[in-house]
Every structure is written in structure tokens, then in C-alpha cells.
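Under the working numbering, the first residue of the sequence shown carries the number 107, and numbering increases by one thereafter. Cβ coordinates follow ideal geometry from the N, Cα and C atoms, glycine included. Since the structure is predicted, the reported quantities are computational estimates derived from the model, not experimental observations.
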Amino acid sequence: MSTLLVLELDGDAQAGFSFKLDVRETFYARPLNSQRGHLPACPELFSAFTEWRQRYAGLGPVFRALTHSNPHQITQDSDCQSAMAAFRASAEEVKRQLNQWLNQSSEFIGVWQTILSEGSISLQLQTDHVWLQRLPWEQWTVLMGRETTFGLVLPEYHTRDRRQAKPITAKPNPNKVRILAVLGHATDLDGISEDQQTLLKIAGSDAEISWQSSPTHRQLTDLLRNEAWDILFFSGHSASGEDGKHFSMQLTPSEQLEISDFRHALRQATHNGLCLAIFNSCDGVGFVHQLTQETGMVLPHLVLMREKLPDVVAPKFLRSFLMAFTQNETLETAVQRAQHDLQDDWERDFPCVSWLPVVCPNPSEESPIWQNLSNRVHRNRRRRSLAMALVVGLVVGLSFFGIRETGYFEPLELSGYDLMLQLRPEEAAPDDRLFVITVDQADLDYQDNNGMKRTWVDDNNGGKEQLSLSDEALFLLLDKLEPARVIGLDLFRPIAAKDSYLQQQLKRPNFVGVCSINRQIAPPSELPFSQTGFSDLAIDEIVPSSGKEDTDGAAYPIVRRNLYQMKSKDHSKCLSSESLKMSRIKGKTASNISCLPEDYVPSFSFVLARIYLQQENRGDFDCQKLSAGTLELKSGSAEVRDELQGTIGPYLTQDSQREVQGARQLMLNYWRRGPGDQKAITNIAQTRSLRSILEGNTFRSESVDDKIVLIGFTELGEDELLTPLSKTPKGTVHGVYYHAHAASEFLDTFLEGRTRIRFVSFGLEAGWVICWSLAGGLVAWKFFPKLGWSRLGGISVIIVSVCLAFTLTCAILLYGFGIWMPWLPTLIALVSSAGITLSYQYFQVMHNSWVPKRLVSYRAISHSITGKH
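Written out as C-alpha cells, the structure is:
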């Protein structure tokens, strides 16, 4: 990396020059080192340089003769020999005076010592003194033989308007660097055809060179205005004042143009992409000064000739320059190599031609690099970026899917599942096939106050507890519920009824009781096993309460799954395998017992739905499948089968499966039946309390006609659970509503063909995650070049839009088709892939666009905000 130096000079040849040398890391950084001082007057230097210029101009006829005649004969001519000898002597005097002036000044010693102490340097001379700009600074012995580039920086320059619109004219072939080579009047064209072929060969297929010989004023402006060019090369005669402040160029014998004559066309050319101009003409320094006087005129970088190169040498310079520039050398290095080639190959016949080229950069613009001008190289880079985006998307997708398969994302994915259900639109009305009767503390007090004695039974902890329903209350209730199609008692009743009439009521074929396999609670003894179901739940996790009244320290299970079949256990009080086998043997002659399980038993909600559907002649209940634990219900296109066998969907860890080993389950599709956490669940059906039915005549039996009636306990702090619709731990509901939702889903599946929540195969899940991860990388790859890192907000908006589109896709699949796809893990993979791809492209751009930075004076920096310096 080159050390960046800027040398500012201000003064005149008679009084001397004050100087300032800054060493900086970047263009706008504070100087790392700064030196100030004064250079003495140097009239002898400027006198010698004036003589050198005059003698160089006098060699014009000799140079032309060397081009068209025998060089050996010309060089043997005495007049030619005298002119050449005098010119070479003048050049040596200029070099001697220049080095004496710079090296013998006591105050300037620190400058060249600083230069000598550095390795590779980029020296920029900043001055508005025309004669200093014309001097051959490359002949300073301190710079010679070192890795040093030199350039001129004017104190005043224009910056490009970054808010300008897109170019009006685009390149016809964006894969090529377009070069406009203009040959002015009196340019010697002998041998130009061979040079043209050589230059095209050097530039290769990445370049297109258009040669224009003596174009008219209008032709030149049309070319600049209506076509897009990357590089402008002009070779011809020009004239400037002695002070270098005025400049004109000779296009044709009758047309001599100043910058003001084609300022608008040149401004449009820069707007269309012109970033480099090479002017081979007399005193190109005058061109720079006039260019800075044009308001808003921005030509980022210039390569000028202090004096005009001989016509035969100009294409050779361009050839050497392009040979280096097309190898992606910096602009200054390419000019330096061209100077070296001119010195080695041409100065024997054309002395001092290597003194003439000089770079004049605009410090506020990035130095052009060939690969940045050639869209073919850009496309190759884009292809590499695309390949990297695909690799990143694939690796990130596979990585996140692999992590997901370990179960690491299970809590996060289940939370995302809950959020999706919470955002689901609300159902219009309750399920009119269901009716819920609640029993709470007020109903218990009602029974006790009315002499309805509730029986004491043993609990599982060695103590005693009262039943929630007395025999009398249950008999009265069942009598009022006579028109119901199915009655389900979601209250444990592990003893036989004492009243014979109640016993007959309980043996009705439409009455269903509950038991618990895990808690070892028996069902009502009067019921046949075909009318008994377990109430055990598939619990995902336990969530502590949040300070709810009367339940301090309580914790509630989250229930997302519908556990509809479990394997019976030996010696279980709830449908043990021994009792099931005995009942099955006895049931072979019992006409009132049907579809008895042997090893597997159904859930409470499933038995309710089965009895209801059998009266509708819907649902294929295969007793053999039921007893074998492979229960699959089918009716037309509708079916119920285990969607969570093994590790599928979000349940990927053993912890999430351990409570339901040997069970059949599916995701319970909770439909929102109302606003809020609790009403969304409890509004599943019309609800009445026990006391409101037993007392008075307000209850009409017709209200439960042909319905499933569920009777359950709803006292605060008892039999409470959380659902995916519970946004906080305060959103608990009671178990009877869970069973209502489960039964409702069975009915919806077979009677209405409503979709259930399903999962796709392992391969489709993997493809889903990988495809969206690839999409994130491709979006970042596609839009980064258009918006750039500086417009990170725009890229963020696009990525957020893609994330919203992905979320909407997941919602449509879930709400419309009941298909749950991995959401949050895929979303994380999408964003990660996009972020990594963006970072890669950013660092790639930073790497490919790095060039040695240029420094300007405080005067230039202080005016950089305004645009005109």
C-alpha cells in the first residue's frame, strides 16, 4: 500500500514558495505528519525551463521529418544534430536546476528525507502555479528509481452530484470498455492503421475503440452527447496563453474549440459514464485550468501532456498505457509504466517524451480501474457472487435444518406455531353441535345447601375427597338432558351409583365417562368399556402462573396436541389390559358392547365423536385397527391418522415424546371462537351452569336436542391448562373446553371436510428450509448492486418484504390447507443467508475498488461539501 503524500506550494519564482507536506492514511483523515517551510526563489530554473520549451517547439519539423523520412539521414544532418544537441543540453540544465533548487534548500530537507524514509509513495502536487505544474517533477532524483507515482491536484475542482439521475444514454454493449479516440487537425496519420490494430489487440474483447479523424464541432458534440464512453483520447494541436489559463483545441483547419464551445456535451458525457480523458496536445495544463472554470463540469480523472507528444509517439504511449491499465494497474501506475516505455523505446530519436505525460486526478473521485469499466469483468464478478450466494444459501439452509433436527429450535418453533394460531381470523359463531355444562364452587355449594349429598371417595394421595356431582344432582341432570345425542361426563366418578335408577341412566348407550391412565383413576363401574375414554393430555411444557388470584405458585400445562389413542397398561385402574381382555371375551355374546379395544384405548373426546358419527353413518371405525393401535378413520376424502409418529413436525426431541409413548396423536386445530385468550376457546359452544339447569324452569331440554353435551369442572385453579391461543399465563381454560375442541375437530373432519393441521415429509421440510435460505441469498445478491451498501435501508426494506411474503405463504398454507411448515427456523435461515451474502458482497466491493487514496489541501477539503472548490 502506497503512502499518501500531498505537497502544497504557493508563491512565485521571484519571491520563492511556501510549502506544506502532509502524510495521510486516507483522503479526509487528519495528517499523520505535517511539515511547513519555504523554498527560495528560482529564476534560473524557470529561465532554463522556458528555453527548454522553446527548443522543444522548434523540434517539431525534425520530429515530422523523422516520421516520414529515413531517420538515419535526418539524424546525420548537421542542422538536426545541432538542434538535438542544444535541446538535450537544455534538458540537462532543467534537471540540474530542478534538483539544485529542491535538494539544496535547508528547509526542504525534511521533505525529501520523509520521501526517502517511506517505501512506495503516491505524491500529489497541489498548486495553482502554472509553471510549477509544467515542470518535470519525475526527474527529481529523490523520486527516480523508487516506487513512486506522481500527479497534479488543483486547489479548485468540482465533485460529482451523487443524487443525479441515471445516465440518459447507456453503452450499446455493457460488456465492453468504450474508448473514443479523436485525432485533431494536422495529426500525422501515417501508420495509424497498424497502431489501431495493435491497440485493439491489447484491449482485447473487453474494449471497443472508435477512431475519429478531424471531426467537425457538431460531429464531436453528437458523439459525446448521444453515445456512452468510458475513455476519451484526443491527439492534436492546441493553444494556450502564457499563463496557462486559456485553452483551445484544433479539430479541423477552420474549427478551433474552447471548452465553453462543447461544455454541455462534455457534461453529458461525464453523466453517461465518461471517467477518464487523455489529452495529447500542446500545454494540456491549460485545459485543466479552463475545465475548472466551467460550473458543474466534472471530469473525474485526466491524463495530460505538458507538451504535445510527436504524432508517431502518441499511439505508442496509448498502447503502453493500455497494456498496463488493462492489467488492472492503477491509473498513476499505468501512466508511469508508459513513461518508462517511452524513455526506453523512443527518447533516442524523440528526447524528453517521457517528461510529458502527467496524471491530474479529481481527489473526490475513485480512481478508475479497468475491471470496473468492463462490465464483462463485472459480470464475472457477479457470477462469482451468485455462486457464493447459492453456496451460502445451501450451507446455511442445511446447517439450520440440521440444527433443527436436533430439537434445538423446538421451543422457538412451537412459539411460532402459537403465534400463527393467535393471528388466525376469528370464527363467526360457536359450534351448535356442542353444549357445555359447567360445575364450579357455586354449584358445589348449591348441591350442599339443597341436601344433595356428595359422596366421599379415596384420592390417590391416601386422603378423601368429595365427588363434584351427587347422585341426586346427576340423576336430575341426566333426566333433563334426555334429548341429547351424546352426554359426556368430564368428571371422575370411580365408584358405582347407589341409586338403581341412576345406574340405569348411566348405562344408556349415549352416555360416556372418563378415567385417567396416568393418574390411575377408574371410570364409572356401570359403563361398558366402549363408552369410556381417557382424559389424559399430551403436555408440551409447564408454564408458571403470573400472580393470578388464589393460584399463587401454580403452574399450567400447554396443550397443543389431541391425544386420541393410548396403549393400555397392566394393572391400571383405567381400562387395564387384563380387564379389557376379559370384557372382550364376555362381549362376544353381549349385543350391547361393540368395538372393544384390546391393547389400545380411545380418548374421551374421540368416544364422544364416534358415537355421534355412528348415528350419522359416517366414519369407518375399524375395531381391528383400533385394538391394534393403528387407528385410521376414513370417510370419503376425510381421514384421521397419526400426524406425529416418530419425529416429525416441530416435535423432534425425546422429551416432547416421553409422555405419550405408544400413543396416537395429532395437532389440535384450535379455531378462534371469540376475542381474547379465554373467549377464543370457551366460546366453542353454548354454556350453562349446573345450578341454572337444576333450579327453576328456565332450562329447556330442547336446547340440547341432538347435541353432544359435555359436563365439566370449571372452578378457578382446578383442571386448568394453556392453549396456543393463550398469549399469557393468565389465558388459562378448563379441560372440558379442550375436550369440546377435540370433539369438534373430529366432527368437522368427517361432516364438513375441514382441514386438519398436517405436516410434510422429512425431505419436503428440508427442501423448504433450503429453498427459502437460497431465496434470502439471491435477494441480497440481486439488489445489492442496485442499491449499494450506502442504501442499507432500501436493502433492509426488500429483505423485510421477502420475510413478510414468506410469513404470508406460511399463513396461507396453515389457514387454507392446514399444512404447517417450519416458520421461525426457516425465517432465521433466510435472514442469515441474506446477511452473509450482503457482507460478502460488501467486502468484495471494498477489496476490488481499493486504490491508493489521494490527498488535497485543507482548502479543497473545506469546500468539498459545497461541490464547487
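Run through DSSP, which three-state label would residue i get?
| i | result |
| --- | --- |
| His-407 | strand |
| His-235 | coil |
| Ile-998 | No answer is possible for residue 998: the residues shown for the chain start at 107 and end at 975. |
| Cys-621 | strand |
| Ala-313 | strand |
| Pro-457 | coil |
| Asp-642 | coil |
| Val-200 | helix |
| Arg-142 | strand |
| Met-355 | strand |
| Asp-854 | helix |
| Pro-469 | coil |
| Met-250 | coil |
| Ala-121 | coil |
| Ala-660 | coil |
| Thr-915 | helix |
| His-840 | strand |
| Glu-400 | coil |
| Ile-509 | helix |
| Glu-244 | helix |
| Asn-434 | coil |
| Gly-873 | helix |
When burial is assigned at 16 or more other CB atoms within 10 Å of the CB, is residue i buried or exposed?
| i | result |
| --- | --- |
| Asn-378 | buried |
| Ala-121 | exposed |
| Glu-801 | exposed |
| Tyr-552 | buried |
| Ala-906 | The amino acid occupying residue 906 in the given sequence is Val; Ala does not appear at that position. Counting Cβ neighbours within 10 Å, Val-906 comes out exposed, since fewer than 16 surround it. |
| Pro-722 | A quick correction: the sequence has Glu, not Pro, at residue 722. Its Cβ having fewer than 16 others within 10 Å, Glu-722 is exposed. |
| Gln-433 | exposed |
| Met-773 | buried |
| Cys-388 | buried |
| Arg-136 | exposed |
Within its chain, find whatever has a CB closer than 6 Å to the CB of residue i; leave out the 5 residues flanking it on each side and keep chain order.
| i | result |
| --- | --- |
| Asp-811 | Pro-589 |
| Lys-694 | The predicted model places Lys-694 with a pLDDT of 46, which falls under 50 and marks its position as unreliable, so this point remains unresolved. |
| Asp-118 | none |
| Gly-594 | Val-618, Leu-714 and Leu-816 |
| Pro-406 | Cys-381, Asn-468 and Glu-471 |
| Gln-671 | Tyr-706, Pro-708, Leu-737 and Arg-770 |
| Leu-127 | Leu-113, Gln-141 and Val-217 |
| Phe-340 | Val-288 and Phe-385 |
Looking at the unbroken alpha helix (DSSP H) that takes in residue i, where does it start and where does it end?
| i | result |
| --- | --- |
| Asp-328 | 323-332 |
| Gln-610 | 606-612 |
| Lys-422 | 420-431 |
| Arg-716 | 710-721 |
| Asn-478 | 476-479 |
| Leu-415 | Per DSSP, Leu-415 belongs to no alpha helix (DSSP H) and is neither H nor E. |
Using a Cβ-Cβ cut-off of 8 Å (strictly less than) and excluding sequence neighbours within five positions of residue i, which residues of its own chain qualify?
| i | result |
| --- | --- |
| Phe-431 | Leu-437, Ala-440 and Trp-476 |
| Asp-565 | Glu-571 |
| Pro-531 | Arg-778 and Tyr-921 |
| Gln-325 | Gln-318 |
| Val-842 | Val-542, Thr-544, Asp-596, Leu-816, Ile-817, Gly-818, Phe-819, Thr-820 and Asp-825 |
| Arg-443 | Ser-426, Phe-427, Met-429, Ala-430 and Glu-435 |
May I ask which residues mark the beginning and end of the beta strand (DSSP E) holding residue i?
| i | result |
| --- | --- |
| Arg-770 | 769-773 |
| Ser-223 | Counting along the chain, Ser-223 falls outside any beta strand (DSSP E), though it belongs to the alpha helix (DSSP H) covering 215-223. |
| Gln-671 | 667-673 |
| Ile-285 | 283-289 |
| Trp-777 | Careful: Trp-777 lies outside any beta strand (DSSP E) and carries neither H nor E. |
| Ile-543 | 540-545 |
| Gln-626 | Element bounds for Gln-626: n/a, residue is neither H nor E. |
| Arg-591 | Run containing Arg-591: none; DSSP gives neither H nor E here. |
Determine, using beta carbons only, whether residue i comes closer than 8 Å to chain D.
| i | result |
| --- | --- |
| Asn-378 | Checking the listed chains, one finds no chain D in this structure; it contains a single protein chain. |
Using a Cβ-Cβ cut-off of 7 Å (strictly less than) and excluding sequence neighbours within five positions of residue i, which residues of its own chain qualify?
| i | result |
| --- | --- |
| Ile-904 | Val-885 and Phe-889 |
Exercise for the section: State whether the region 807-823 contacts the region 864-879, with contact taken as three or more CB pairs (one from each stretch) at a distance under 8 Å. Expected result: no
Problem - Three or more C-beta pairs below 8 Å linking the region 850-860 and the region 633-650 - result: no
Practice task
Mind the definition here: the region 911-928 touches the region 514-528 only if three or more C-beta pairs lie below 8 Å; say whether that holds.
Solution key: Between the region 911-928 and the region 514-528 there are three or more inter-stretch CB-CB distances shorter than 8 Å, so the stretches are counted as touching.
Exercise for the section: Take every Cβ of the region 831-840, pair it with every Cβ of the region 780-792, and state whether three or more of those distances are shorter than 8 Å. Expected result: Between the region 831-840 and the region 780-792, the count of Cβ pairs shorter than 8 Å is three or higher; the stretches touch.
Practice task
Spell out a yes or no on whether the region 225-242 and the region 109-116 are touching, meaning 3 or more CB-CB pairs, one atom from each, closer than 8 Å.
Solution key: Yes: at least three Cβ pairs fall under 8 Å.
Practice task
Could you say if the region 873-880 and the region 505-513 meet the contact criterion of at least three C-beta pairs nearer than 8 Å?
Solution key: yes
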